[in-house]
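Asks:
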Amino acid sequence: MNSVQDGFRQDAGNALERLRGALERIILSLPGSPHRPVALERALTIDRVLAWRITTFVFKTEPSVLARSLPGSQALQKFLHAAMDAGAASADIAAADSALTELESVVQRHCGSRKRFEQMLATLTSATESIDLLFETRRVAFEANAALWGASADV
Numbered sequence: 640m641n642s643v644q645d646g647f648r649q650d651a652g653n654a655l656e657r658l659r660g661a662l663e664r665i666i667l668s669l670p671g672s673p674h675r676p677v678a679l680e681r682a683l684t685i686d687r688v689l690a691w692r693i694t695t696f697v698f699k700t701e702p703s704v705l706a707r708s709l710p711g712s713q714a715l716q717k718f719l720h721a722a723m724d725a726g727a728a729s730a731d732i733a734a735a736d737s738a739l740t741e742l743e744s745v746v747q748r749h750c751g752s753r754k755r756f757e758q759m760l761a762t763l764t765s766a767t768e769s770i771d772l773l774f775e776t777r778r779v780a781f782e783a784n785a786a787l788w789g790a791s792a793d794v
């Protein structure tokens with residue numbers, strides 16, 4: 640690995656771990672500790688997909704899962720507002736907001752966009768996850784080329 644990759648790995652890892660920790664503290668502080676998506680959805684009256692993405696991001700450890708489940712900034716802000724309304728500590732909300740700001744700074748410094756960040760994060764995966772990512776990338780490329788050129792071929 641070169642120093643740029645090591646810097647990205649360290650910065651992204653630290654920012655993601657800080658955000659995960661802050662979100663976990665919020666979830667565990669809510670009545671009933673709703674660590675499953677359905678329970679979180681009901682506890683905060685938030686969108687089912689957002690609840691799934693939050694719980695997956697917080698309670699899974701694989702880098703590729705983190706990349707795919709990381710909610711966007713607006714969705715995370717919606718979650719933080721709902722958690723505050725449900726009684727989460729303002730210090731925990733502030734810590735999560737600060738961690739989100741740090742993560743967005745890492746994204747801009749190393750990648751320039753959230754999409755590129757997710758792609759770069761996915762390169763830090765295991766061999767099995769890399770194969771899954773490769774197939775998904777090829778599928779998306781096939782669909783994009785078929786739309787661009789107006790043709791596709793079955794093999």
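Everything in the sequence shown is counted per the working numbering, starting at 640 for the first residue and increasing by one.
Even glycine gets a Cβ: it sits at the ideal position worked out from N, Cα and C.
Keep in mind it's a predicted model, so treat the numbers as computed, not measured.
Quick one: is residue 692 buried, meaning 16 or more other Cβ sit within 10 Å of its Cβ, or exposed?
Replies: For the purposes of this step, residue 692 is taken as residue 53 along the sequence shown, with counting starting at 1. Buried, since its Cβ has 16 or more Cβ neighbours within 10 Å.
Asks: What does the Cβ neighbour count give for residue 731, buried or exposed, with the cut at 16 atoms within 10 Å?
Replies: As a working mapping, residue 731 is identified with position 92 in the sequence shown. It is buried - the Cβ of residue 731 has at least 16 other Cβ atoms within 10 Å.
Asks: So what does DSSP say about residue 694, is it helix, strand or coil?
Replies: Numbered from 1 along the sequence shown, position 55 holds the residue referred to as residue 694. Three-state result, residue 694: helix.
Asks: So for residue 720, helix, strand or coil by DSSP?
Replies: As a first step, residue 720 is located in the sequence shown; it is residue number 81 there, counting from the start. If DSSP states are grouped into helix, strand and coil, residue 720 belongs with the helices.
Asks: Helix, strand or coil for residue 709 per DSSP?
Replies: The sequence position of residue 709 within the sequence shown is 70, counting from 1. Coil, per DSSP.
Asks: From residue 739 to residue 723, what distance separates their C-alpha atoms?
Replies: As a position in the sequence shown, residue 739 is number 100, starting the count at 1. As a position in the sequence shown, residue 723 is number 84, starting the count at 1. Straight-line Cα distance between these residues: approximately 16 angstroms.
Asks: In or out: residue 783 buried (at least 16 other Cβ within 10 Å) or exposed?
Replies: Position 144 of the sequence shown, counted from the start, is the residue given in the question as residue 783. Counting Cβ neighbours within 10 Å, residue 783 comes out exposed, since fewer than 16 surround it.
Asks: Quick one: what does DSSP say residue 743 is sitting in, helix, strand or coil?
Replies: To locate residue 743, count along the sequence shown from 1; it is residue 104. In this structure, residue 743 counts as helix in the three-state DSSP scheme.
Asks: Is it true that the CB of residue 733 sits closer than 8 angstroms to the CB of residue 683?
Replies: As a first step, residue 683 must be located in the sequence shown, where it is residue number 44. As a first step, residue 733 must be located in the sequence shown, where it is residue number 94. In this structure, residue 733 does not lie closer than 8 angstroms to residue 683 by Cβ.
Asks: Cα-Cα, which of 651, 776 and 700 is closest to residue 663?
Replies: Along the sequence shown, one-based indexing puts residue 663 at 24. Considering only alpha carbons, the answer is 700.
Asks: Of the residues 748, 729, 737 and 704, which one's Cα is nearest the Cα of residue 712?
Replies: In the sequence shown, the residue the question calls residue 712 occupies position 73. When only C-alpha atoms are compared, the closest one is 737.
Asks: Of all the options 761, 666 and 729, which has the alpha carbon lying nearest to the alpha carbon of residue 697?
Replies: Numbered from 1 along the sequence shown, position 58 holds the residue referred to as residue 697. Residue 697 has its Cα closest to that of 666, out of 761, 666 and 729.
Asks: Throw me the rounded Cβ distance for the residue 669 and residue 742 pair, which I believe falls under 8 angstroms.
Replies: Counting from 1 along the sequence shown, the entry for residue 669 is found at position 30. Counting from 1 along the sequence shown, the entry for residue 742 is found at position 103. Rounded, the Cβ-Cβ distance is 22 angstroms, inconsistent with contact.
Asks: Give the C-beta separation of residue 704 and residue 695 to the nearest angstrom, bearing in mind that I take them to be a contact with Cβ-Cβ under 8 angstroms.
Replies: Residue 704 sits at position 65 when you count from the first residue of the sequence shown. Residue 695 sits at position 56 when you count from the first residue of the sequence shown. About 6 angstroms separates the two Cβ atoms, so the contact holds.
Asks: Rounded to whole angstroms, what is the Cα-Cα separation between residue 789 and residue 681?
Replies: Mapped onto the sequence shown, residue 789 falls at position 150. Mapped onto the sequence shown, residue 681 falls at position 42. Their Cα atoms are separated by approximately 44 angstroms.
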